[in-house]
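Structure first, commentary second.
2 protein chains.
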Amino acid sequence: MSAPRRYEQIADLLAQRMAQGIYPVGDRLPSIRTLCREQGISITTAQAAYARLEASGLAEARPRSGYYVLPQRRLDQLPTVSRPAQRPLEVSQWDQVLTIVEPVPGFQPLHRLGSGTPALDAATLRPLVQLLSGRYHAADARHLGYDSLAGDPALRLQVARLATASGCLLHPDDVLVTTGCQEALAIALGVLTSPGDVVAVDSPGFYGAMQILAAHGLKALEIPTDPRLGMSLEALELALDQWPVRAILVTPTCNNPLGYTMPDDRKRDLVALASRHDVAIIEDDIYGDLAFDNPRPLALKACDTEERVLLCSSFSKTLAPGLRVGWIAPGRYRDQALHEKYVSTGASATPPQRAVAAFIDKGRYQRHLREICRRYRRQRDIMIEWVARHFPAATRISHPQGGFQLWLEMPEGFDSLRLNERLASERLQVAPGPMFSASGKYRHCLRLSYAASPTAELEAAVRRIGEVAGELLDAEG
Amino acid sequence: MSAPRRYEQIADLLAQRMAQGIYPVGDRLPSIRTLCREQGISITTAQAAYARLEASGLAEARPRSGYYVLPQRRLDQLPTVSRPAQRPLEVSQWDQVLTIVEPVPGFQPLHRLGSGTPALDAATLRPLVQLLSGRYHAADARHLGYDSLAGDPALRLQVARLATASGCLLHPDDVLVTTGCQEALAIALGVLTSPGDVVAVDSPGFYGAMQILAAHGLKALEIPTDPRLGMSLEALELALDQWPVRAILVTPTCNNPLGYTMPDDRKRDLVALASRHDVAIIEDDIYGDLAFDNPRPLALKACDTEERVLLCSSFSKTLAPGLRVGWIAPGRYRDQALHEKYVSTGASATPPQRAVAAFIDKGRYQRHLREICRRYRRQRDIMIEWVARHFPAATRISHPQGGFQLWLEMPEGFDSLRLNERLASERLQVAPGPMFSASGKYRHCLRLSYAASPTAELEAAVRRIGEVAGELLDAEG
Ligand SMILES: Cc1ncc(COP(=O)(O)O)c(C=O)c1O
Ligand SMILES: Cc1ncc(COP(=O)(O)O)c(C=O)c1O
Numbered sequence: 001m002s003a004p005r006r007y008e009q010i011a012d013l014l015a016q017r018m019a020q021g022i023y024p025v026g027d028r029l030p031s032i033r034t035l036c037r038e039q040g041i042s043i044t045t046a047q048a049a050y051a052r053l054e055a056s057g058l059a060e061a062r063p064r065s066g067y068y069v070l071p072q073r074r075l076d077q078l079p080t081v082s083r084p085a086q087r088p089l090e091v092s093q094w095d096q097v098l099t100i101v102e103p104v105p106g107f108q109p110l111h112r113l114g115s116g117t118p119a120l121d122a123a124t125l126r127p128l129v130q131l132l133s134g135r136y137h138a139a140d141a142r143h144l145g146y147d148s149l150a151g152d153p154a155l156r157l158q159v160a161r162l163a164t165a166s167g168c169l170l171h172p173d174d175v176l177v178t179t180g181c182q183e184a185l186a187i188a189l190g191v192l193t194s195p196g197d198v199v200a201v202d203s204p205g206f207y208g209a210m211q212i213l214a215a216h217g218l219k220a221l222e223i224p225t226d227p228r229l230g231m232s233l234e235a236l237e238l239a240l241d242q243w244p245v246r247a248i249l250v251t252p253t254c255n256n257p258l259g260y261t262m263p264d265d266r267k268r269d270l271v272a273l274a275s276r277h278d279v280a281i282i283e284d285d286i287y288g289d290l291a292f293d294n295p296r297p298l299a300l301k302a303c304d305t306e307e308r309v310l311l312c313s314s315f316s317k318t319l320a321p322g323l324r325v326g327w328i329a330p331g332r333y334r335d336q337a338l339h340e341k342y343v344s345t346g347a348s349a350t351p352p353q354r355a356v357a358a359f360i361d362k363g364r365y366q367r368h369l370r371e372i373c374r375r376y377r378r379q380r381d382i383m384i385e386w387v388a389r390h391f392p393a394a395t396r397i398s399h400p401q402g403g404f405q406l407w408l409e410m411p412e413g414f415d416s417l418r419l420n421e422r423l424a425s426e427r428l429q430v431a432p433g434p435m436f437s438a439s440g441k442y443r444h445c446l447r448l449s450y451a452a453s454p455t456a457e458l459e460a461a462v463r464r465i466g467e468v469a470g471e472l473l474d475a476e477g
Numbered sequence: 001m002s003a004p005r006r007y008e009q010i011a012d013l014l015a016q017r018m019a020q021g022i023y024p025v026g027d028r029l030p031s032i033r034t035l036c037r038e039q040g041i042s043i044t045t046a047q048a049a050y051a052r053l054e055a056s057g058l059a060e061a062r063p064r065s066g067y068y069v070l071p072q073r074r075l076d077q078l079p080t081v082s083r084p085a086q087r088p089l090e091v092s093q094w095d096q097v098l099t100i101v102e103p104v105p106g107f108q109p110l111h112r113l114g115s116g117t118p119a120l121d122a123a124t125l126r127p128l129v130q131l132l133s134g135r136y137h138a139a140d141a142r143h144l145g146y147d148s149l150a151g152d153p154a155l156r157l158q159v160a161r162l163a164t165a166s167g168c169l170l171h172p173d174d175v176l177v178t179t180g181c182q183e184a185l186a187i188a189l190g191v192l193t194s195p196g197d198v199v200a201v202d203s204p205g206f207y208g209a210m211q212i213l214a215a216h217g218l219k220a221l222e223i224p225t226d227p228r229l230g231m232s233l234e235a236l237e238l239a240l241d242q243w244p245v246r247a248i249l250v251t252p253t254c255n256n257p258l259g260y261t262m263p264d265d266r267k268r269d270l271v272a273l274a275s276r277h278d279v280a281i282i283e284d285d286i287y288g289d290l291a292f293d294n295p296r297p298l299a300l301k302a303c304d305t306e307e308r309v310l311l312c313s314s315f316s317k318t319l320a321p322g323l324r325v326g327w328i329a330p331g332r333y334r335d336q337a338l339h340e341k342y343v344s345t346g347a348s349a350t351p352p353q354r355a356v357a358a359f360i361d362k363g364r365y366q367r368h369l370r371e372i373c374r375r376y377r378r379q380r381d382i383m384i385e386w387v388a389r390h391f392p393a394a395t396r397i398s399h400p401q402g403g404f405q406l407w408l409e410m411p412e413g414f415d416s417l418r419l420n421e422r423l424a425s426e427r428l429q430v431a432p433g434p435m436f437s438a439s440g441k442y443r444h445c446l447r448l449s450y451a452a453s454p455t456a457e458l459e460a461a462v463r464r465i466g467e468v469a470g471e472l473l474d475a476e477g
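Line order of the protein sequences matches chains S and V.
According to full-length UniProt numbering, the first sequence is numbered sequentially starting from 1.
According to full-length UniProt numbering, the second sequence is numbered sequentially starting from 1.
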């Protein structure tokens with residue numbers, strides 16, 4: 001991935017200083033000229049940096065005067081640290097998940113604000129579509145036999161190569177191809193647990209993983225999570241002392257739904273903690289390559305010298321979910337994982353694997369990531385601005401470090417399920433908070449996707465959702 | 001599927017009479033002229049029928065005399081009725097399965113005689129390959145989002161239509177698309193059972209299903225199986241009385257590995273028996289469309305008025321396994337099955353689903369079945385002839401009613417695992433019998449695929465396997 005452009009770096013620096021109170025709300029920011037001198041940049045770069053701050057709603061230009069710090073909603077009104085139950089619970093909420101993953105026939109949402117689908121209209125994805133075709137001009141179907149159980153060797157090689165970016169040294173044989181990250185997670189849990197076992201999870205966390213716990217008869221131990229730092233290691237340690245935890249399931253990089261990336265030192269501490277308690281870690285890295293930082297953040301697995309991390313991912317968020325190309329690097333559990341893989345689907349479909357392998361091999365993947373991350377970053381800022389503008393003032397907003405999901409926290413008492421009911425007739429839908437909890441917490445929260453291009457209609461939809469949210473809140477208060 | 005041609009019917013009729021002893025070994029068969037009169041057929045048809053009998057090694061032409069009955073190995077030397085342990089057992093044998101489904105790197109078998117891959121070189125498959133390409137000339141990847149969890153609606157419609165051929169009335173919503181029949185079976189077992197539960201299975205039976213039992217902590221209760229009639233209903237009834245059986249798992253049509261099709265009345269009896277004991281049936285119909293009979297045999301599900309049959313299938317044997325397009329019609333268990341599906345893989349890959357749906361829609365599927373069934377039937381006869389010629393005289397041979405797998409039973413004491421060890425250096429491999437048992441029975445049996453075109457090299461391979469088998473048998477005796 002290319003470095004963020006210079007003006008982006010400068011804008012981030014200024015935003016950081018604003019967050020730290022170095023430039024308080026209402027103050028004038030350094031003039032263009034001062035900024036140029038201080039940072040050794042050109043006037044164009046400085047102007048672009050301010051334009052960016054303005055676009056993200058952090059500063060405003062006052063004619064013939066300069067740029068001023070706006071009331072910041074972005075960095076200092078993050079969601080609060082979550083406070084889940086902290087005891088092992090059976091997972092429910094399937095009905096809510098179902099309405100998002102399989103909407104009732106006929107319900108065609110206007111905008112896919114509640115969905116986990118990435119932007120599929122990117123020009124940089126086109127070569128993938130062509131590869132998906134081009135591979136099959138062969139005269140017969142001989143390449144469509146039972147493929148290797150572990151997956152297409154060319155794809156496993158490419159995955160192993162890509163993994164170096166997150167600090168992982170993988171051999172192609174360490175990688176098993178799966179039918180999406182979902183199968184990777186199901187395999188990991190299948191390998192590590194038996195019914196009745198307890199699994200520690202970040203909370204809020206990915207509903208699909210939670211539903212695996214439900215199906216496998218496992219109990220979720222939801223660990224409080226900081227919207228900037230991730231799973232509380234302090235709470236996790238207490239939990240590991242208190243409960244017979246069989247596995248820790250985390251999405252530490254570009255978390256879904258909170259968007260944080262756990263800092264490197266905390267990642268190391270997490271792996272060390274797991275090691276002290278001899279617990280395996282299931283690392284869900286599905287959004288990891290969509291980090292806005294360059295180079296992308298480390299994987300937990302990069303800090304793991306004991307092969308105790310089972311790294312799970314897929315190309316569903318970076319490329320397209322309909323390919324169903326995922327993978328798992330199961331560490332010391334490879335043999336059991338291969339058995340689970342055989343048992344659950346036999347093998348994964350061959351054509352998409354080959355297309356993805358060729359796409360990466362031709363350098364198209366890196367190119368696509370560069371483009372799409374730039375786009376998502378911009379769309380994040382715009383969506384945050386829209387929410388700040390159109391949602392009730394008390395709305396807390398996450399500040400994603402990558403990916404395309406925003407997490408909103410409304411005051412307690414707000415009901416995101418009611419919100420969806422109210423929105424249904426207008427064909428609008430958000431992902432309601434309780435999906436992301438084992439036990440239906442986060443009713444006052446919701447997730448909004450910013451994967452789609454920011455059009456006027458999209459802003460109108462966000463405005464409308466904000467309005468209805470405000471009405472519900474007023475009715476509540 | 002088109003009717004078997006007239007000469008094929010006549011040949012089968014004569015073969016049947018030979019099996020019944022109406023035409024004993026060494027006798028002269030009716031002359032061409034007599035046959036024409038008796039059956040009301042043309043001379044060409046009668047000649048073709050005799051040519052067919054000759055090709056399958058059942059009769060021989062003696063110049064200026066007529067056709068004579070050869071010692072029949074085919075119909076009267078069927079494998080014996082199996083005698084498995086008949087108590088619930090944990091499933092092992094993963095190592096043997098692994099060597100077949102994931103051969104050691106570098107081991108490239110000369111002929112895939114041990115494999116479950118169908119003939120992929122058929123000209124009638126070419127349109128599928130083209131459809132797999134053609135669908136993707138769209139400009140972007142928008143069709144590669146999260147597809148419907150239940151699967152592509154167009155495909156589900158086609159599956160529901162096809163199912164009428166086996167007597168099933170399915171609505172497209174009764175069908176869930178899966179990643180191969182393997183996932184369908186895993187979903188069915190996931191829905192019906194919890195660890196420790198007992199599942200009745202036909203024995204010998206499909207190893208992949210057996211391995212699901214192993215992974216899910218289930219116990220297999222292997223039911224004796226007749227090589228012509230299928231699972232012994234008498235033994236099953238005793239088992240249902242004696243053990244807490246949660247599900248009955250059967251492959252009643254074109255069974256793998258035995259090749260029988262359970263007669264319709266026994267299918268009805270099986271469903272009635274399950275009903276009396278209130279047990280669910282998992283019906284694996286993966287080879288069902290490859291029946292040599294026309295119309296194809298009923299599915300158990302066609303006899304089920306209580307929605308207790310979970311019908312599982314895929315296009316892996318009829319089209320190509322690399323597509324990983326399977327499906328399940330879970331009857332009354334639809335909601336739970338949808339949950340299991342979501343949990344195990346989220347959805348199945350979109351491109352192959354669309355290609356298969358279009359292939360069926362254009363009438364290509366039926367056309368392919370017609371061709372490929374004719375081919376497999378012929379190849380069955382040739383393979384039986386080769387085995388009769390090249391294997392030890394005591395070899396018992398199944399008489400498949402469809403599909404492309406032959407089951408051989410050698411005298412007790414024979415070791416098919418030793419056979420594979422001996423064959424490895426010559427890059428030959430069979431599917432050893434113990435794979436098909438929960439508990440490693442059938443060491444003296446093996447499965448041979450006749451999917452490949454009958455070439456001289458293939459015959460040489462079969463001859464060589466027969467030779468080595470003979471040596472092992474002699475060493476044993
Ligand atoms: C964090 C996380 N993990 C896993 C998945 C499942 O990914 P896939 O579609 O590749 O199965 C998702 C999809 O929403 C996700 O958000
Ligand atoms: C009887 C039977 N059922 C199921 C399967 C698995 O089929 P699929 O490749 O579609 O997962 C096979 C494959 O060998 C089989 O023989």
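For every residue, glycine included, the Cβ atom is placed at its ideal position computed from N, Cα and C.
Taken atom to atom, the span from the alpha-carbon of residue 473 of chain V to that of residue 51 of chain V is near 34 angstroms. In the three-state reduction of the DSSP assignment, residue 196 of chain V falls in the coil class, being assigned neither a helical nor a strand state. Counting only unbroken stretches of 4 or more residues, the alpha helix (DSSP H) elements lying wholly within the region 65 to 103 of chain V are 94 to 101, in sequence order. Within 8 angstroms of the CB of residue 350 of chain S, the CB atoms of chain V belong to 322, 323 and 324, in sequence order along the chain.
Assigned with DSSP and collapsed to three states, residue 449 of chain V falls in strand.
Residue contact with chain S for residue 146 of chain V: present (Cβ-Cβ distance below 7 angstroms to some residue of chain S).
In this structure, DSSP gives residue 398 of chain S a state outside helix and strand, which the three-state scheme calls coil.
Look at residue 345 of chain V: its C-beta is under 7 angstroms from a C-beta on chain S. The closest heavy atom of ligand 1 lies 6 angstroms or more from the beta carbon of residue 373 of chain V. Interface annotation for the region 145 to 168 of chain S against chain V: 145, 146, 147, 148, 149 and 150, criterion Cβ-Cβ distance under 8 angstroms. Residues of the region 377 to 391 of chain V whose Cβ lies closer than 7 angstroms to any Cβ of chain S: none. Straight through space, the alpha carbons of residue 149 of chain S and residue 353 of chain S are spaced by roughly 13 angstroms. Put simply, the CB of residue 175 of chain V is far from chain S, with every gap to its CB atoms at 7 angstroms or more. With a cut-off of 6 angstroms, the C-beta of residue 289 of chain V is classified as distant from ligand 2, since no heavy atom of the ligand falls inside that distance. The Cβ of residue 142 of chain V sits closer than 7 angstroms to at least one Cβ of chain S.
Beta-bridge partners of residue 178 of chain S (DSSP): S/326. One alpha carbon belongs to residue 411 of chain S, the other to residue 132 of chain V, and they sit about 50 angstroms apart. For the C-beta of residue 183 of chain S, the chain V residues within less than 7 angstroms are, from N- to C-terminus, 344 and 345.
Residue 272 of chain V sits exposed, since fewer than 16 C-beta atoms from the chains shown fall within 10 Å of its C-beta.
If you look at residue 312 of chain V, you'll find it in the beta strand (DSSP E) that goes 309 to 314. Taking the CA atoms as reference points, residue 447 of chain S sits about 5 angstroms from residue 407 of chain S. Restricting attention to alpha helix (DSSP H) runs no shorter than 4 residues, the region 333 to 410 of chain V encloses them at 334 to 345, 350 to 361 and 364 to 390, ordered along the chain.
In this structure residue 304 of chain V does not touch residue 401 of chain V by the C-beta definition: roughly 22 angstroms separates them, more than the 8 angstroms allowed. For the 7 angstroms CB-CB criterion, residue 86 of chain S and residue 435 of chain S do not form a contact.
According to the DSSP assignment, residue 219 of chain S belongs to the beta strand (DSSP E) that extends over 219 to 223.
Looking only at V/84, V/118 and V/154, the smallest Cα-Cα distance to residue 205 of chain V is reached by V/84. Close CB contacts of residue 147 of chain S within its chain, under the 7 angstroms cut and outside five residues either way in sequence, are with 347 and 350 (chain order).
Taking CB atoms only, residue 439 of chain V has no neighbour in chain S less than 7 angstroms away. Assignment of residue 191 of chain V by DSSP, reduced to helix, strand and coil, places it in the helix class. Of all residues in the region 185 to 211 of chain S, the ones placed with a Cβ closer than 8 angstroms to any Cβ belonging to chain V are 186, 190, 194, 195, 208 and 211, in chain order.
A distance below 6 angstroms between beta-carbons, with the five flanking residues on each side excluded, links residue 225 of chain S to the following residues of its chain, in chain order: 82, 202, 203 and 231.
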